[in-house]
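Enquirer: Sending over a structure as structure tokens; questions will come in a sec.
In this note's numbering, the protein residues as written are 44 to 210.
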């Protein structure tokens, strides 16, 4: 893992990736493609340590309330997030400024932020998405060695649904 001071955070579609690279090890991941211009090994997570500051600067000046998405390139709920809490701090800002949030993850660690997604959903809109790949747990472990299985992801989605958050 290494830390960088990012110059930008949101892309044209309002997507946000506070991490570059991934520890999940999914064999089918297309984010490893050379077209994304990684200058470091994919498993060496690049942490945009100033992401919350960049996001606040953006949200303070946005006139139109938008949905901010995360997870399209790299999973926001990798193991390092539990210590670094960068995604959580960004969600707190999204909540404070009244914007919407959408997340795509394969990790049950997203449950840590259920309180924030609930608050965001009351003010704007929150959406939690999880890839459900295969029911065969043995094959799942081979395809996605470092994430929870599809059954667990389904349980996580049900918890968000019970909280009134679209999945």
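Glycine included, every Cβ here is placed at the ideal spot set by N, Cα and C.
Have a look at residue 60 and residue 90 and give me their C-alpha separation to the nearest angstrom.
Expert: For the purposes of this step, residue 60 is taken as the residue at position 17 of the chain shown. For the purposes of this step, residue 90 is taken as the residue at position 47 of the chain shown. Roughly 9 Å between the two C-alpha positions.
Enquirer: Could you check whether the stretch 193 to 207 touches the stretch 162 to 178, counting it as contact only if at least three pairs of C-beta atoms, one from each stretch, sit closer than 8 Å?
Expert: With the cut-off at 8 Å, the stretch 193 to 207 and the stretch 162 to 178 touch.
Enquirer: Please report the residue range of the beta strand (DSSP E) in which residue 182 lies.
Expert: Here residue 182 is taken as the residue at index 139 of the chain shown, counted from 1. Segment 180 to 186 is the alpha helix (DSSP H) holding residue 182; no beta strand (DSSP E) there.
Enquirer: Can you tell me the Cβ-Cβ gap for residue 57 and residue 110, rounded? I've got them flagged as a contact below 8 Å.
Expert: If you number the chain shown from 1, residue 57 lands on position 14. If you number the chain shown from 1, residue 110 lands on position 67. The pair is a contact, with the Cβ atoms about 7 Å apart (cut-off 8 Å).
Enquirer: Report the partner residues of residue 46 according to the DSSP bridge assignment.
Expert: Here residue 46 refers to the residue found at position 3 when the chain shown is read from its first residue. Partner(s): 90.
Enquirer: How do the stretch 154 to 163 and the stretch 130 to 140 stand: do at least 3 beta-carbon pairs fall below 8 Å, yes or no?
Expert: With the cut-off at 8 Å, the stretch 154 to 163 and the stretch 130 to 140 touch.
Enquirer: Within its chain, find whatever has a CB closer than 7 Å to the CB of residue 206; leave out the 5 residues flanking it on each side and keep chain order.
Expert: Along the chain shown, one-based indexing puts residue 206 at 163. Here the set comprises 157, 161.
Enquirer: Tell me whether residue 142 is buried or exposed, calling it buried when 16 or more other Cβ atoms sit within 10 Å of its Cβ.
Expert: For the purposes of this step, residue 142 is taken as residue 99 along the chain shown, with counting starting at 1. By the neighbour-count rule (16 or more Cβ atoms within 10 Å), residue 142 is buried.
Enquirer: Within the continuous beta strand (DSSP E) that includes residue 146, where are the two ends?
Expert: Looking up residue 146 in the chain shown gives position 103. Taken as a continuous stretch (DSSP letters only), the beta strand (DSSP E) holding residue 146 covers 143 to 148.
Enquirer: Would you kindly work out how many angstroms separate the C-alpha atoms of residue 154 and residue 187, rounded to a whole number?
Expert: Position 111 of the chain shown, counting from 1, holds the residue named residue 154. Position 144 of the chain shown, counting from 1, holds the residue named residue 187. When rounded, the distance between both Cα atoms is 20 Å.
Enquirer: Answer with buried or exposed for residue 48, where buried requires no fewer than 16 other C-beta atoms within 10 angstroms of its C-beta.
Expert: For the purposes of this step, residue 48 is taken as the residue at position 5 of the chain shown. Residue 48 comes out exposed.
Enquirer: Using a Cβ-Cβ cut-off of 9 Å, state whether residue 56 counts as contacting chain D.
Expert: The structure shown contains no chain D; it holds only a single protein chain.
Enquirer: What first and last residue would you give for the alpha helix (DSSP H) that runs through residue 116?
Expert: Residue mapping note: residue 116 aligns to position 73 of the chain shown, counting from 1. Looking at the DSSP string, residue 116 is not in any alpha helix (DSSP H), and its letter there is neither H nor E.
Enquirer: Under the assumption that residue 96 contacts residue 64 (Cβ atoms under 8 Å), give the Cβ distance between them as a whole number of angstroms.
Expert: For the purposes of this step, residue 96 is taken as the residue at position 53 of the chain shown. For the purposes of this step, residue 64 is taken as the residue at position 21 of the chain shown. 21 Å between Cβ atoms; not a contact.
Enquirer: Give me the Cα-Cα distance between residue 172 and residue 148, rounded to the nearest whole angstrom.
Expert: As a working mapping, residue 172 is identified with position 129 in the chain shown. As a working mapping, residue 148 is identified with position 105 in the chain shown. Going from the Cα of residue 172 to the Cα of residue 148 covers about 6 Å.
Enquirer: With distances taken Cα to Cα, identify the nearest neighbour of residue 116 among 129, 166, 150, 62.
Expert: In the chain shown, the residue the question calls residue 116 occupies position 73. The candidate whose alpha carbon is nearest that of residue 116 is 62.
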